[in-house]
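Chains as they are written, first to last, in our numbering: chain A, 480 to 778; chain B, 480 to 778.
The beta-carbon is built from N, C-alpha and C at its ideal position, and this holds for glycine as well.
Number of protein chains: 2
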Amino acid sequence: MSLIIVGSMAFDTIETPLGRREKIVGGSGTYCSLAAGYFTRPGIVGVVGRDFPKKTLTFLESRNVDIRGVSVKAGKTFHWEGRYGRDPNQRTTVRTELNVFQNFRPVLPPEFRTPDILFLANIDPDVHPEILSQIKKPRLTAMDTIRFWIETKPEALLREIGRVDILFANDEEVRMIADEINLIRAAKKLLDRGPSIIVAKKGEHGVLIFERDFLFGVPAHPCENVVDPTGAGDSFAGGFLGYLEAAGRVNRGTLRRTAVYGSALASFAIEDFGAERFSTLSRDEIEARYLSFRRLTSF
Amino acid sequence: MSLIIVGSMAFDTIETPLGRREKIVGGSGTYCSLAAGYFTRPGIVGVVGRDFPKKTLTFLESRNVDIRGVSVKAGKTFHWEGRYGRDPNQRTTVRTELNVFQNFRPVLPPEFRTPDILFLANIDPDVHPEILSQIKKPRLTAMDTIRFWIETKPEALLREIGRVDILFANDEEVRMIADEINLIRAAKKLLDRGPSIIVAKKGEHGVLIFERDFLFGVPAHPCENVVDPTGAGDSFAGGFLGYLEAAGRVNRGTLRRTAVYGSALASFAIEDFGAERFSTLSRDEIEARYLSFRRLTSF
């Protein structure tokens, strides 16, 4: 078992100008493991309530995801409701009911305790040490974060950033954490805090990957019909880490390709509501999109 | 004479957190022709007042710019004053004194009347017909625009967009003109209005080039020290059109390279106040930056 993803599993209620979906399956861990499942067999660690549909767990299994780390607890599954305006970059959170996710204390099954890559997808930085204490130090540890932790637990967040190899964050979050407006300088400041790789996700503007003496950038896939942007960043991380795990080593050639695969997975996620696109998406479509990134960018 | 640039020549007073410069040389035509001069011998058409320093015209000449289209009129040169905050994307106009530029009625010298490429850099769309009537139809006509014309002369602007081959605009301006939030759909709508190429400049996020069945994207050069963003877009257009003119033909390979050269010139322009960087910039530095774009983006 080589890529372990610890993250949220949720119901999302999503409204966009194109429609509304009630309590469809969401959560950072879900998106991320579905995306990673195209390249490797990721293990997901998460918690759901008894209301979580069995068929969704079956679907995850059918998509190459090891669900032995999912606990089912008495109570209701985490439920998030959000609304997007005509501009898909503008999102309003209508409600957040943490439910069983409130006191999420991940316990990793024995089979999950020697991962090559561990991904802490957007969870409370104060929970990181508990997770790390359960496992043999992985070859690579990665984390993502959100504005909520930057604002409420800045010290814990910086402490945990100091322990990971790869930090995923939006460009705005990179600037916030580093307290620096220029993204390049901000990323360099964060490299000084510990990680050897900073992945600055810029949504419709693509992504920049920073190492100390290396920088790679790729524009986003041009999408004419953004149906629902939810989960794009998590799908990016899943595609990125899944490909990296399958490649078996991190060098600059791999990093370039893995950023493109991450971008490809994110570009599919936004083509339908929630994680629905993953129910039909094939590996061939991913390869075709990889090639379309090459046509988009090569000169 | 093959690339003719009609645009403003101005004094700019610029304040940024890094300092203040009083009445340095600026204007869309000036930036654009300086940038184009690295690839071809552009002709500039513009107007200045008697206060415009002779040594600036000499400098333009020394940078391969044909200044026979510059008229010196009684009165003062166009003067713009602007201020940038800590975030270089945020700019406040402090004053705009049009002076001799107010009634700019460009008269092209006979040597300028058979251009291969004509660039209308950001001037009143109602002045375009006067210019076009003076010349033999060029192989390529290009224009740039600004929010001011979109807001004050939307009909004239759309009419003139219908007459050009290449439209340069910021991504926000492309969206505004097309009245469409999604940039890809917005650019396609504008392609339906006449131009065969839309160049959507995205500042720090790079640029996207649209043809009906072709799309090329390149991230911006990662700049850690943006000294003064003034003129980046005009320098982009100058590098783009200068390289295109020198290449002698427009095909997709050329378009890709020309977008990268445009990006390179823009990236140099912001490294110093006003157009000061062009006083030392060499062609070798441009070639080195072209290669650094390749390292940044290839996979």
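Inset, instruction - Return the Cβ separation of residue 544(A) and residue 516(A) in integer angstroms, given the expectation that the two are a contact with Cβ distance under 8 Å. - result: 5 Å
Legend entry - Proximal residues of chain B, C-beta to C-beta of residue 681(A) below 7 Å: 684
Inset, instruction - Along the alpha helix (DSSP H) that carries residue 540(A), what are the first and last residues, could you check? - result: 533-541
Inset, instruction - If I'm right that residue 620(B) touches residue 584(B) with Cβ under 8 Å, what's the distance once you round it to whole angstroms? - result: About 19 Å; that fails the 8 Å criterion.
Inset, instruction - Could you check which residue in 721(A), 509(A), 555(A) has the C-alpha nearest to that of residue 531(A)? - result: 555(A)
Inset, instruction - State yes or no: is the beta carbon of residue 566(A) nearer than 8 Å to at least one beta carbon in chain B? - result: yes
Legend entry - At least three beta-carbon pairs within less than 8 Å, the segment 569-581 of chain A to the segment 591-599 of chain A: no
Inset, instruction - Show which residues of chain B have a CB atom less than 7 Å away from the CB atom of residue 703(A). - result: Residues of chain B passing the Cβ test: 661, 663, 664.
Legend entry - CB-CB length for residue 740(B) against residue 719(B), believed under 8 Å: 7 Å
Inset, instruction - Label residue 553(A) either buried or exposed according to how many other C-beta atoms from any shown protein chain fall within 10 Å of its C-beta, with 16 as the threshold for buried. - result: The residue in question, residue 553(A), is exposed, as its Cβ has fewer than 16 Cβ neighbours within 10 Å.
Legend entry - Rounded separation between residue 656(A) and residue 493(A) - CA only: 28 Å
Legend entry - Spatially closest choice to residue 753(A) from 660(A), 561(A), 542(A), by CA coordinates: 561(A)
Inset, instruction - Examine chain B for any beta-carbon lying closer than 8 Å to the beta-carbon of residue 776(A), and answer yes or no. - result: yes
Legend entry - Within-8 Å CB hit, residue 739(A) to chain B: yes
Legend entry - Nearest-angstrom Cα separation, counted from residue 540(B) out to residue 678(A): 45 Å
Legend entry - residue 608(A) to residue 696(A) span [Cα, whole Å]: For residue 608(A) and residue 696(A), the distance between alpha carbons rounds to 32 Å.
Inset, instruction - Tell me, please, whether the CB atom of residue 736(B) is closer than 8 Å to any CB atom in chain A? - result: So yes, residue 736(B) belongs to the interface.
Legend entry - the segment 687-699 of chain A: positions lying closer than 8 Å to chain B by Cβ: Residues passing the 8 Å Cβ filter: 687, 694, 695, 696, 697, 698.
Inset, instruction - Kindly indicate the opening and closing residues of the beta strand (DSSP E) around residue 622(A). - result: 619-623
Inset, instruction - Measure the Cβ-Cβ separation of residue 714(A) and residue 514(A) and say whether it is below 8 Å. - result: yes
Legend entry - Beta-bridge pairing of residue 491(A) - partner residues as DSSP gives them: 503(A), 559(A)
Legend entry - N- and C-terminal bounds of the beta strand (DSSP E) containing residue 576(A): 570-576
Legend entry - Host beta strand (DSSP E) of residue 757(B) (start-end): Per DSSP, residue 757(B) belongs to no beta strand (DSSP E) and is neither H nor E.
Legend entry - Cβ contact (3+ pairs, closer than 8 Å) linking the segment 665-672 of chain B and the segment 687-696 of chain B: yes
Legend entry - Endpoints, alpha helix (DSSP H) assigned at residue 528(A): Here residue 528(A) belongs to no alpha helix (DSSP H); instead the beta strand (DSSP E) covers 522-528.
Inset, instruction - Compare the beta carbon distance of residue 522(A) and residue 580(A) with 8 Å and say whether it is the shorter of the two. - result: The answer is no: Cβ separation not under 8 Å.
Legend entry - Sheet register partners of residue 552(B) (DSSP bridge): 528(B)
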